[in-house]
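See below for the structure under consideration.
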Amino acid sequence: MEKNKIDTSFEQCMKCTVCTVYCPVVAVNPNYPGPKQAGPDGERYRLKNPLFYDEALDLCLNCKRCEVACPSNVKIGDIIQSARLKYGNNKPKLRDYILANTDIMGSLATTMAPVVNFTLGLKPVKAVMDGVLAVDHHRTFPKYAGQKFETWFKRHALKKQEAYERKVSYFHGCYANYNHPKLAKDFVKIMNAIGYGVNLLEKEKCCGVALISNGFKDQATRQAELNLGSIRKAVARGEKVLTTSSTCTFTMRDEYEHILGLHNEDVRDSINLATKFIYELVDAGQVKLVFKDDYTRRIAYHTPCHMEKLGWAIYSTSMLKMIPGVDFVMLDSQCCGIAGTYGFKKEHYNDSQKIGQNLFRQIHDYAVDMVATDCETCKWQIEMSAGVTVENPISIIADALDVEATIKANRK
Amino acid sequence: MKEYDVIIVGGGITGAGTARDCAMRGLKTLLIERHDLTAGATGRNHGLLHSGARYAVTDQESAEECIRENMTLRKIARHCVEETDGLFITLPEDDLAFQETFIASCLKAGIRAEAIDPAEAIRLEPSVNKSLIGAVRVPDGAVDPFRLTVANVFDAQLHGADLLTYHEVTSIVKENGRVVGVEVMDAHTKTRKTFRSRIVINAGGIWGHHIAELAGATVNMFPAKGALLIFGHRVNNMVINRCRKPADADILVPGDTICLIGTTSSRLPYDQIDDMKVTPEEVDLLLREGAKLAPELADTRILRAYAGVRPLVAADNDPSGRSISRGIVCLDHETRDGIPGFITITGGKLMTYRLMAEWATDLACKKLGVDKKCQTAEICLPGSEEDARTDRKTAKTYGLGAKAAEGRHGTRSADILVADKKDESLVCECEGVSVAEVNYAIETLQSKNILNLRRRTRLGMGTCQGELCACRAAGLLAKANGCARRSVEDLAAFMNERWKGMFPVAWGETLAEAQFTSWIYEGVCGLDSFVKKEEE
Amino acid sequence: MKFDTIIIGGGLAGLTAGIDLSRKGQRCLIVSSGQSALHFFSGSLELCSLDEDPFKAISSLGEDHPYTKIGYDNIIRYSEAVQPWFKEVGIDFVGEHGKNHWRITPLGGFKRAWLTLDEYANIPSDGTMPWKKVALLNIDGFLDFHTSYIAAGLAERGVETMVKGISMPELDRLRENPTEMRSTNIAKTFAGDLIGALAARINEYAKDVDAVLMPAVVGLTGSTDVHRLKEMVVRPLHFLPTLPPSVPGIRIQMMLKNRFQKLGGTYMLGDSVVSGEFENGRLKSICTNNHGAVKFEADNFILATGNFFSKGLTSTVDGVREPIFGLDVDSLEVRAEWYRRNMFEAQPYMNFGVSTDGCLRAMKDRKPVENLYAAGSVLSGCNSLKEGSGAGVAIISALHVSESILKK
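Chains as they are written, first to last, in numbering that gives the first Met the number 0: chain A, 0 to 411; chain B, 0 to 535; chain C, 0 to 407.
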């Protein structure tokens with residue numbers, strides 16, 4: 000039995016305080032010790048005595064903006080998340096269990112979607128959720144679709160994929176599967192149009208981001224191992240594994256290793272965001288996209304925190320800029336405040352909204368038709384708080400794409 | 000002028016312990032130190048709570064003294080001690096047969112020593128070198144020499160003793176051949192004063208050689224230099240030693256938020272004891288040997304390097320110094336040199352300070368005709384008394400500053416007053432030192448400069464070595480002493496003192512930190528224009 | 000992905016080059032590994048502080064000094080453009096081109112400066128104090144600014160100070176936290192609506208004084224709040240630098256970055272360049288940590304990665320290296336020679352940096368890389384602390400490199 004090797008990147012901290020400038024939580028909640036104190040400073044003390052662990056670390060959003068800002072490469076966010084899992088009060092609430100298990104909730108809810116959507120929208124139900132489960136009653140719950148994407152895919156799309164020589168695997172994630180199958184269908188539509196067939200993974204579980212942030216490390220590890228197993232099989236077939244969610248991508252590429260301590264280096268580079276994959280093909284001249292003439296929209300792009308950490312906003316935005324009818328606006332990169340399940344919790348609701356305030360104001364000022372973003376929870380938050388439609392870049396591209404012309408352009 | 004029973008020269012642990020013992024036995028006591036408390040060898044050692052195991056094979060007497068004092072300190076100085084236990088490991092290049100001799104010697108001296116399976120050793124202390132072939136568990140621990148000294152002096156003061164720091168003894172006053180007091184110079188005002196007493200106890204460590212000379216006595220002491228390195232965090236939670244005959248760099252001690260490897264050992268000319276440098280060769284040796292105890296050290300940030308000097312006392316019949324005693328030396332100069340009123344207490348080690356104090360005080364009492372028993376082994380030091388507030392021990396609700404302060408001041412942390420939220424603000428973020436704790440150290444523990452604050456609170460001892468906190472601390476001192484200019488000069492001296500420990504190990508993060516610190520203090524703040532000739 | 004010029008490092012040097020090149024039509028990428036040293040900005044730019052006349056001292060620097068390589072006439076030319084150049088970005092600096100003035104340090108000392116932000120206090124080169132009596136304010140509980148130091152420094156120069164603390168209920172929230180009462184968080188609190196209330200508090204003390212001095216804790220995201228506050232305060236209001244983080248430094252960083260992006264530049268923050276592909280003495284492409292196998296190609300590259308603090312140079316027990324490309328480094332072999340025992344002496348390690356040829360092209364294996372230039376504090380041969388030349392070397396070398404690239 001060997002102690003988990005500790006992340007000693009806190010040794011690189013120069014105490015320069017840059018991280019504290021960019022922490023969205025510090026700016027709104029004085030009870031949060033701040034990334035420097037919660038991360039590298041606190042870690043030295045926790046190594047001395049776990050009693051120095053502070054439950055206020057639960058206030059961390061895990062947005063990793065501290066890490067992006069750090070000039071010394073300290074994995075501040077990872078240190079904080081690891082400390083929460085290692086020293087935190089590991090008796091999560093029923094509410095956290097429900098929020099964290101996005102796929103169990105999803106499977107149950109999809110089968111009864113109309114009832115669930117109706118129920119989650121009812122005032123008395125919201126009051127119970129608020130009072131008993133401490134899920135804030137202001138929250139609009141994401142709607143559940145009547146038919147899972149997986150079901151649709153098997154019935155309507157699977158067969159067609161055999162026609163394609165080149166294939167990719169698709170990690171659809173919970174959101175595209177249960178809440179918004181249109182996104183997944185849009186993805187299949189684009190891939191097919193540029194001449195790629197789509198496979199689903201042999202088995203797919205939720206990437207585990209919500210489990211990690213709610214303290215369910217063991218379950219997160221089990222799901223991660225299952226996903227990595229499926230991904231390895233896809234990679235062995237010579238397929239890249241694509242996603243349409245920046246958070247799923249980030250979790251599987253980075254958090255699996257940094258937080259759960261799993262080995263994923265063999266497949267890490269094969270896990271890719273769809274926009275990045277497609278951009279690289281277009282950039283290399285291997286694929287052509289033809290867009291409709293009549294698609295015109297003013298679209299602002301919001302960089303989700305995990306997209307900022309991945310550094311991949313450049314691909315999604317470059318893709319959007321390729322659409323001739325798009326009047327593109329880049330929003331300042333800042334946290335929207337939702338951070339997955341964080342903003343759903345009653346105790347965080349106010350902070351969550353305060354954090355996003357500047358962003359919502361900016362969106363309003365730009366008077367755009369639509370906001371594009373690669374993260375589903377950012378979409379819920381912005382739609383609820385800024386009253387504007389939010390779409391994944393993949394859906395926007397799919398809508399703007401002249402499918403027939405694209406197919407023709409990519410035929411050899 | 001007040002007439003003292005005893006004047007003790009030297010504010011290290013020996014002088015502090017002696018002052019406490021004397022004061023507790025009702026003697027009117029004055030403790031004089033030329034710099035700050037712990038400024039000499041006391042503040043420059045391992046902070047190891049020896050079990051005595053290290054001496055067991057070669058010096059049974061020292062080993063027995065150690066284990067007795069070890070057990071006493073756990074009782075009377077709880078807040079200065081960490082009961083970590085220690086391992087004596089055998090590496091493939093060592094002779095495993097030595098382990099048997101080692102254990103037998105330990106047991107003979109009364110030291111619990113138990114051979115454990117290497118796998119068990121790795122489980123207990125995951126940082127240990129995994130190639131070990133043997134391990135013995137002993138009751139080693141860590142002791143904070145700063146805290147221990149301050150607590151002793153504080154208790155002496157509570158028992159009526161007086162303390163004068165930054166006063167250097169310039170001569171020993173004699174009347175008719177009898178020592179009757181000392182003349183001192185105030186380092187700040189450069190004025191001279193005389194203090195009278197019936198006995199003067201020389202507890203000056205290696206500097207005691209000079210004090211004895213002032214009294215007209217010769218005590219042959221040989222300075223032995225030992226260099227150590229401090230690492231940025233606690234790599235190990237148990238003391239790790241090599242199970243072999245004592246050698247260089249074979250002890251790794253965890254202490255508060257850091258750990259230390261040491262020591263080298265070399266003779267040093269007496270005229271260099273105030274200006275010790277750690278050489279690159281010493282640093283390389285410490286790193287090389289340290290990594291054998293815990294391989295992680297090779298990649299761990301080093302905060303600083305420093306060297307201490309311990310007095311090796313030559314036996315009276317051997318002025319050449321070839322026959323050295325490592326035990327306690329208590330000299331009655333009346334019988335030895337015909338100088339009544341003068342006592343020297345030296346030799347020994349941090350671990351046996353209390354016993355040294357007891358010997359010296361016994362002798363002083365005998366001369367003064369005082370018949371009082373020593374109680375320093377029974378009565379707890381301030382901060383280590385029984386704590387009635389058990390509720391705080393497990394509470395997770397109060398902040399890092401308060402928790403850290405409790406570790407440093409024990410039960411006395413209750414005296415750290417927090418009037419409002421501003422007092423809870425952290426001055427030193429690395430070590431969790433709050434405004435309130437700094438003010439407590441200024442007011443109650445007589446801190447006059449940042450260096451004093453560091454020794455009483457750990458301020459500036461963390462990762463950034465004062466980069467963030469020194470300026471804040473100087474600001475609070477300026478408020479307390481009403482002199483902004485003096486505080487800025489003090490700030491310059493403090494940053495320079497930090498640099499002296501950093502540059503021997505300034506590569507990697509330590510060099511980057513040093514550069515950042517210079518940019519801030521010299522570039523942004525212009526501290527270079529406030530440099531004054533240093534006091535220490 | 001293909002660019003005209005790729006700049007590694009997004010601090011003052013990198014952004015200066017990036018903006019200059021973008022303005023002249025180049026497609027640029029900046030890769031920045033975390034935020035820059037502008038976060039510790041003093042409020043003043045130094046060109047060369049060895050003398051009252053910055054240019055007098057420049058002409059006497061050694062031949063390995065970046066200024067000497069750039070050339071006196073070029074420095075004059077570039078330096079004349081600096082003030083208007085910043086103005087265009089929306090940052091107002093004041094100062095005489097040929098004459099250093101004084102700025103007040105957080106410790107109440109005086110240091111030479113070339114250009115100082117117009118909202119900051121600055122003292123003419125002859126040392127005449129512009130005020131007889133000032134109100135010196137601080138925010139209660141803010142530990143990174145100490146009025147007593149400043150008051151002592153001003154008193155030595157015959158200025159009477161009235162020291163006051165400002166407390167506002169809105170700041171109590173920050174005081175709840177033992178570490179986060181930092182300049183930037185105070186500035187976030189003051190943004191927008193509270194400026195009026197702050198001005199009212201300041202005005203309580205501003206009546207009988209010539210000027211009001213306070214720490215730079217306003218204007219994190221733009222200078223609007225600074226201007227509003229100055230307008231509302233009844234006496235001239237001047238800021239003084241605090242300990243890090245620097246509110247105006249962060250604002251400048253942000254404004255430069257925004258300007259660069261508006262000009263079409265791509266700025267990738269939190270990413271680091273891990274390798275480069277060299278061919279025939281040229282750097283062909285680079286790869287970064289975040290983008291894995293993706294190759295970023297360009298005609299020219301600028302290395303503006305900073306010194307030890309920003310990891311432009313790294314050191315181990317065995318020596319100093321340039322960590323990305325393994326470029327030639329000017330340093331000393333024997334570790335003991337890197338340092339002086341007195342912290343305040345000129346430390347030899349401060350002069351370490353990447354070797355360059357006369358055109359500031361980086362050397363690799365003793366040959367210049369044809370299209371890889373170095374700018375800013377990664378350059379060897381200068382001790383910016385002792386010369387007071389940090390910002391000057393960053394800006395001037397960046398403009399010089401940018402011009403060399405455009406001339407090609």
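We put the beta carbon where it would ideally sit given N, CA and C, even for glycine. Since we're looking at a predicted model, the values are computed, not measured.
The beta carbon of residue 1 of chain C sits closer than 6 Å to the beta carbons of 296 from its chain, once the five residues preceding and following it are set aside; these are given in chain order. Contact check between the segment 21-33 of chain B and the segment 359-368 of chain B: three or more CB pairs, one atom from each, fall below 8 Å, which counts as touching.
Residues of the same chain with their beta carbon placed closer than 6 Å to that of residue 346 of chain A are lacking, with the five preceding and five following residues left out of the count. Under the 10 Å beta carbon count, residue 262 of chain A is surrounded by fewer than 16 other beta carbons and is classified as exposed.
Contact annotation: in the segment 190-222 of chain B, no residue has its CB less than 7 Å from a CB in chain A. Taking C-beta atoms as the reference points, residue 486 of chain B and residue 473 of chain B count as a pair closer than 8 Å. Residue burial is scored here from C-beta neighbours: residue 416 of chain B has fewer than 16 other C-beta atoms within 10 angstroms and is therefore classed as exposed. Assigned with DSSP and collapsed to three states, residue 290 of chain A falls in strand. Within the segment 110-188 of chain C, the complete beta strand (DSSP E) segments of 3 residues or longer fall at 114-116, 132-138, 159-165, listed in chain order. In the three-state DSSP reduction, residue 62 of chain C falls in the coil class, being neither helix nor strand. Distance from the Cα of residue 150 of chain B is smallest, within the candidate group B:430, B:432, B:175, B:412, for B:412. Classified as exposed, residue 358 of chain C has fewer than 16 neighbouring CB atoms from the shown chains inside 10 Å of its CB. Within the segment 301-328 of chain A, the residues whose Cβ lies closer than 8 Å to any Cβ of chain C are, in chain order, 307, 308, 309, 310, 311, 313. In this structure, residue 275 of chain C sits away from residue 29 of chain C, with a CB-CB distance that is not shorter than 8 Å. At a C-beta separation below 9 Å, residue 392 of chain A has no neighbours in chain C, since its nearest C-beta there lies roughly 17 Å away. At the C-beta level, residue 298 of chain A and residue 266 of chain A stay beyond 8 Å of one another. Under the three-state reduction of DSSP output, residue 3 of chain B falls in the strand class. The DSSP assignment places 41-47 as complete runs of the alpha helix (DSSP H) inside the segment 20-61 of chain A, in order along the chain (cut-off: 4 residues). Straight-line measurement puts the Cα of residue 215 of chain C at about 53 Å from the Cα of residue 286 of chain A.
Residue 275 of chain B is not a Cβ neighbour of residue 304 of chain B, given a cutoff of 8 Å. For residue 43 of chain C, the closest C-alpha among the options C:74, C:311, C:389, C:217 is that of C:389.
With fewer than 16 other CB atoms across the displayed protein chains lying within 10 angstroms of its CB, residue 62 of chain C is exposed. Under the rule that a run must span 3 or more residues, the beta strand (DSSP E) segments found entirely inside the segment 188-264 of chain B read 191-201, 220-230, 238-241, 250-254, 257-261. The beta carbons of residue 265 of chain B and residue 5 of chain B sit no closer together than 8 Å. Considered as a whole, the segment 322-394 of chain B harbours 332-336, 352-367, 390-393 as its complete alpha helix (DSSP H) runs of no fewer than 4 residues, in chain order. Taking C-beta separations shorter than 7 Å and ignoring five residues to either side along the sequence, the partners of residue 331 of chain C in its chain run 337, 347, following chain order.
Residues 148 of the same chain have their beta carbon placed closer than 7 Å to that of residue 106 of chain C, with the five preceding and five following residues left out of the count. Here residue 304 of chain B is bridged, per DSSP, to B:228.
With a cutoff of 8 Å on beta-carbon distance, residue 62 of chain A and residue 75 of chain A are scored as not near each other. Residue state for residue 76 of chain C is assigned as helix, using DSSP reduced to three classes.
Interface residue (Cβ-Cβ distance to chain C less than 8 Å): residue 289 of chain B is not classified as such. Non-local C-beta neighbours of residue 475 of chain B in its own chain, meaning closer than 8 Å and more than five positions away in sequence, comprise 426, 434, 437, 438, 441, ordered along the chain. In summary, no residue of the segment 334-358 of chain A has a CB separated from any CB of chain C by less than 7 Å. According to the DSSP assignment, residue 326 of chain A belongs to the beta strand (DSSP E) that extends over 325-329.
Against chain A, the CB of residue 34 of chain C has a partner CB under 8 Å away; the residue lies at that interface. Note: residue 355 of chain C is bridge-paired with C:361 in the DSSP secondary-structure output.
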